[in-house]
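In the working numbering, the protein residues as written are 989 to 1245. Cβ coordinates follow ideal geometry from the N, Cα and C atoms, glycine included.
This is how it looks when you write it as structure tokens:
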């Protein structure tokens, strides 16, 4: 089947929360071995408990990996160790992110740099370490999670939007370079997805924010994390065999290109 991931090893960053949880679930359902990389072991255990309830035996294909993407040297070593341990990594999903909210003139330099390290630089470091194993196998799939905020229309998000713009540029450059090796690289720009991170960032005006979303989307409902996960699955299986270098918006028709 074109959507079967049996025999594939997938590394999902930020796998313990929000969208990442559902990406891990979807890829495990499809038969893949999933490495759930996250900095929060306590949250990961709670996530794994929910996944065991939902997936049953298939949850055994999900393994937690502790890692701090803010430490790029340690991230590089971790990726190399994972390739050695599993013999390969077929699929890399760069999903982890942080989202500091506030005016430009109040953003600290370290906060800005930390946002870039976690949101975009880590994706470069992981790909750099993993791509050699993909080249050796003659195939690979990289999916980077960007954001529709890169299209404009939001203030008070400069560090976050900067990182997501970098992801889109990195996706296109990687796709051009790695295509001859049968490695496909795409990004997804989710719209406003209801996650715990969203609730934390917008807690001070969540109802107003929700109405803002529905006013701007063509589809008058919230887009769920599972819908991002199924798009990730599509981009890292043979069902999308001709697609690379693309940034796919999954936003309920908010931005139309």
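query: Inter-residue spacing [alpha-carbon to alpha-carbon] between residue 1203 and residue 1008; result: 27 Å
query: Reduced DSSP category for residue 1158 - H, G, I as helix; E, B as strand; rest coil; result: helix
query: Simplified DSSP assignment, three categories, for residue 1209; result: coil
query: Beta-carbon contacts of residue 987 that lie in its chain and below 6 Å, excluding the five residues immediately before and after; result: A query on residue 987 cannot be resolved here, the shown segment of the chain reaching from 989 to 1245 and no further.
query: Residue 999 beta carbon less than 8 Å from that of residue 1015; result: no
query: Identified DSSP bridge partners for residue 1177; result: 1237
query: Segment contact, 8 Å Cβ cut-off, at least three pairs: the segment 1040-1053 with the segment 1092-1100; result: no
query: Collapsed DSSP secondary structure at residue 1146 in the structure displayed; result: helix
query: Residue-chain proximity (residue 1020, chain D), Cβ-Cβ < 8 Å; result: In summary, chain D is missing from the structure at hand, where a single protein chain is found.
query: The segment 1193-1203 touching the segment 1147-1156, judged by at least three CB pairs closer than 8 Å; result: no
query: Rounded distance between the beta-carbons of residue 1110 and residue 1060, thought under 8 Å; result: 7 Å
query: Delimiting residues of the beta strand (DSSP E) encompassing residue 1081; result: 1079-1082
query: Bridge partners - residue 1170, DSSP secondary structure assignment; result: Beta-bridge pairing links residue 1170 to no other residue.
query: Residue 1137, enclosing beta strand (DSSP E) - first and last residue; result: Taken as a continuous stretch (DSSP letters only), residue 1137 belongs to no beta strand (DSSP E), as it is neither H nor E.
query: Option in 1013, 1022 and 1216 with minimal Cα separation from residue 996; result: 1022
query: Segment limits, beta strand (DSSP E) that includes residue 999; result: 997-1001
query: Rounded straight-line distance, which links the Cα of residue 1173 to that of residue 1233; result: 6 Å
query: Beta-carbon proximity list for residue 1085, same chain, < 6 Å, skipping 5 on both sides; result: 1107
query: Best match in 1050, 1187 and 1241 for proximity to residue 1088 [C-alpha to C-alpha]; result: 1187
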